[in-house]
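FYI, the working numbering numbers position 178 of the sequence shown as 183, with every residue one higher than the one before it.
Even glycine gets a Cβ: it sits at the ideal position worked out from N, Cα and C.
Working notes for the structure below.
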Amino acid sequence: MLKWLQGLLSNDIALDLGTSNTRIYAKGQDIVMNEPTVVAVSRDHTGARKVSAVGRAAKEMLGRTPTGIEAIRPMRGGVIADFESVSAMIRYFIKNINGNRSLAAPRVIVCVPVGVTEVEKRAVREAVMTAGAREVFLIEEPMAAALGAKLPITEPSGNMIVDIGGGRTEVAVISLSGVVFANWVRVGGEKMDEAIVQYVKRRYNLLLGEQTAEEVKKRIGSAAPTEPLEEMEIKGRDVVQGVPKSVVLNSDEVREALAETVSSIVEVVRVSLERTPPELAADIVDRGIVLAGGGALLKKLDVLLREETGLPVFVAEDPMCAVVRGIGQALEKLDLLHEIAVN
Ligand code: ADP
Ligand code: MG
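Written as structure tokens, this is what we have:
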């Protein structure tokens, strides 16, 4: 009876706290929240911070805020950069998915990148507790990505997963429910956006907003040549004259702008392959490499990685949601959670 009641009241969630996006999967349901990891805060006359918007609404304010309001990206390179804002954001999301009903405090499974310090891990756990969780479980991000990408992680064979997020690219080899090898760089989608901003400034004396740069990347960005050439009109501010102006950018230019960032991603994959134990490397030759995260959607990145490594490369289905779906699976199967939880 008590169990039944607990089940009814259960509002346990899986949380993917990404540098660019935060996603929540609710137990027994599905993905119930998918929003940019952005918080807008204002200060009152005493200097106290007040959250005025989170998620999509806050992202629209980036680069457009009046004095007194600040739009913040509280995660950097996969770790918490602004504890207070992260915690406030999670609290807001949890409240929101419950439709403001006051259910029991949820248990939360959240993933952390591999290679983060104990201090960084503790910050995640505490931010989630401060946001109102009853209990927090941590699992490693590549493990979640691999689960979400439907890789056979419990088998004794090597699976390579590459998660290209906003602030970080993580490569991991997983076998027997454990991360056997992991490697990462603090390079991801946001570096690509910055590279586009720099390129356009250098070449056209035009200052672009980072959101415009992101749009350019998604629409006409690629890692290898695409046919036919695509064009996009972009607007920004002229560096010299200080007035708004527009130019037309083509896909070759964007590829050139992205080249350096893309090659750091290729490099981290290559180095990881070199360092993978031979038995597992042999498995990867057969099974290939699976890409997850939003960066996996960059056009022709899979093609380029295939050329550079000579291995089969696949993009996971719905790559941006692989991590949250993977954590969601652990939430649904508690024996699996106990097998892979790291806290
Ligand atoms: P994180 O887990 O770090 O929050 P995500 O996996 O959500 O990151 O991926 C977000 C990144 O993916 C952003 O930098 C975004 O611009 C990028 N992205 C999303 N869609 C595309 C696309 N179609 N092409 C290239 N990059 C994309
Ligand atoms: Mg991610």
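Taking every protein chain shown into account, the CB of A53 has fewer than 16 other CB atoms within 10 angstroms, so this residue is exposed. Spatial neighbours of V178 in its own chain (CB-CB distance under 6 Å, excluding positions within 5 residues in sequence) are listed in chain order as G163, M165, V185, F186, T281, L285.
The C-beta distance from V259 to G226 rounds to 5 Å, short enough to meet the 8 Å contact threshold.
The C-alpha of G298 is placed about 10 Å away from the C-alpha of R173.
When C-beta atoms of the stretch 235-242 are compared with those of the stretch 250-258, three or more pairs fall below 8 Å, so the two segments count as touching.
In this structure, DSSP gives D340 a helical state, which the three-state scheme calls helix. Burial state of G73 is exposed, judged by a 10 Å Cβ sphere holding fewer than 16 other Cβ atoms. Annotation note: the stretch 261-302 contains the following uninterrupted alpha helix (DSSP H) runs of length 4 or greater, listed N- to C-terminal: 283-292. If you look at V119, you'll find it isn't in any alpha helix (DSSP H); DSSP assigns it neither H nor E. As the crow flies, the alpha-carbon of E215 is around 43 Å from that of D340. Assigned with DSSP and collapsed to three states, G82 falls in coil, not helix or strand.
According to DSSP, residue pairing for Y30 in a beta bridge involves A19, I36. Take E219, set aside five residues on each side of it, and the residues of its chain with a beta-carbon closer than 6 Å to its own are D198, in chain order.
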